[in-house]
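For what it's worth, our numbering labels the leading residue of the sequence shown as 1283, then goes sequentially. Cβ atoms here follow ideal geometry from the backbone N, Cα and C, with glycine treated the same way.
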Amino acid sequence: MSETKATNKQKKKILIILIVIILIIACCGGIALYMTQTDTKNENYFGVQKLYEELKSKESYSFITTLDNNNKMYYAKQQNKAYIETIYDGSESKFIIKDGNSYLMMDDSKTYYTYKNNEIDLNKIESSLEEIKDTEYEKGKEKIENKTYTYEEYNTVTKFVMMDNSENEGQEIKTKFYFDGNKLEYIKTIVGNKQELLKVDISDDVDNNLFEIPSEYKEM
């Protein structure tokens, strides 16, 4: 009789152990499934990292940031050439970058000045994104003009700011990139109690003539 009870107790212990093992396996399977689903979602997620990779792979594109009519930047790239037109406080400047040089274009006098062996801004947008793409960021949602966007917020990023940075030393700086699906729509830079919201337009349409110095322009 006692032997039968002992045998039953052993069977119960074995059964309990088996149940525990099954539960552990089931939980692990559930965790693995959850991680796989999460990873899949992350692969489909479009942010600064994916934007950088997309622009890096393009042979040509344009990238426009606009604060207002007096403050905007137009950047166009075609393979190893770039064109940058900037309007800051109403003053305009134009650069063509190619053949390892940068050319400052002066439309009023139809002249240009050559900065030899200088192509620092050839990859202006990609370089700016490359500096932050692997850094930590906070993700959230925010409404702009009654539309909700997903944003990535980075600390101490000033590459895309148009406001004067000379008095910003020591102040907290944040930059938010606002996405609508796989499209970057806005960039907001917050410096202390000031902020700047830039509208962004990215296109594959690029005018080939932008990268050519007009024949009537003379070198200074």
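Hey, would you say ILE1414 sits closer than 8 Å to TYR1433, going by beta carbons?
no
Leaving out the 5 sequence neighbours to the left and right, which residues in its chain are closer than 8 Å to TYR1460 when beta-carbon positions are compared?
GLU1424, ILE1426, TYR1431, THR1432, TYR1433, LEU1466, GLU1467, TYR1468, ILE1469, LYS1470
Residue span of the beta strand (DSSP E) that contains TYR1365, given as start and end:
1363-1370
Please list the terminal residues of the continuous beta strand (DSSP E) segment that includes VAL1482.
1476-1485
Coil, strand or helix - ASN1490 by DSSP
helix
Opening and closing residue of the alpha helix (DSSP H) in which VAL1330 lies:
1330-1339
Return the first residue and the last residue of the beta strand (DSSP E) that LEU1349 is part of.
1342-1350
Spatial neighbours of GLY1474 within its chain, please: C-beta separation below 6 Å, excluding the five flanking residues on both sides.
GLN1453
Which word fits MET1502, buried or exposed, when buried means at least 16 other C-beta atoms lie within 10 angstroms of its C-beta?
exposed
Apart from the five residues just before and just after GLU1420, which ones in its own chain have a Cβ nearer than 6 Å to its Cβ?
GLU1435
Using the rule of at least 16 other Cβ atoms within 10 Å of the residue's Cβ for burial, across every protein chain shown, is TYR1397 buried or exposed?
exposed
Can the beta-carbon of ALA1358 be found closer than 8 Å to that of SER1375?
no
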